[in-house]
Structures are given as C-alpha cells and as structure tokens.
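S.K.: In the numbering used here, the protein residues as written are 14 to 51.
Every residue gets a Cβ at the ideal spot worked out from N, C-alpha and C, and that includes glycine.
Provided herewith is a single structure, encoded as structure tokens, for subsequent inquiry.
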C-alpha cells in the first residue's frame, strides 16, 4: 500500500513537471512570436 502511494506520488510529480515544461515552452514561443511580429 505504501509502495503504491509512493509510486502514485512519483507519477503525479512527473506528469506535473512535464505539464509545467510544456506550458513554459508555449509561453516562450508566444513571446518570441510577439517579438518577431513587433
């Protein structure tokens, strides 16, 4: 049970990190596009 909870927490952390990285990448791309347009 404890092992399952630890695994679950690790999976959630990984998913959160990946989502966070994707959001940062999208924001950077939008900023670059705005700079190019201006």
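Give every residue of the same chain whose Cβ lies closer than 6 Å to the Cβ of residue 39, excluding the five residues on either side of it in the sequence, and list them in chain order.
M.R.: On the chain shown, position 26 is the one that residue 39 refers to. None.
S.K.: Going by DSSP in three states, residue 51 sits in which element: helix, strand or coil?
M.R.: Here residue 51 is taken as the residue at index 38 of the chain shown, counted from 1. Reduced to three states, the DSSP call for residue 51 is coil.
S.K.: Quick check: the Cα distance between residue 16 and residue 22, rounded to an integer number of angstroms?
M.R.: Within the chain shown, the letter at position 3 stands for residue 16. Within the chain shown, the letter at position 9 stands for residue 22. Cα to Cα, the separation comes out at about 10 Å.
S.K.: To the nearest angstrom, how far is it from the Cα of residue 43 to the Cα of residue 32?
M.R.: Within the chain shown, numbered from 1, the residue matching residue 43 stands at position 30. Within the chain shown, numbered from 1, the residue matching residue 32 stands at position 19. Cα to Cα, the separation comes out at about 17 Å.
S.K.: Assign residue 34 to one of three DSSP states: helix, strand, or coil.
M.R.: As a position in the chain shown, residue 34 is number 21, starting the count at 1. Here residue 34 sits in helix by DSSP.
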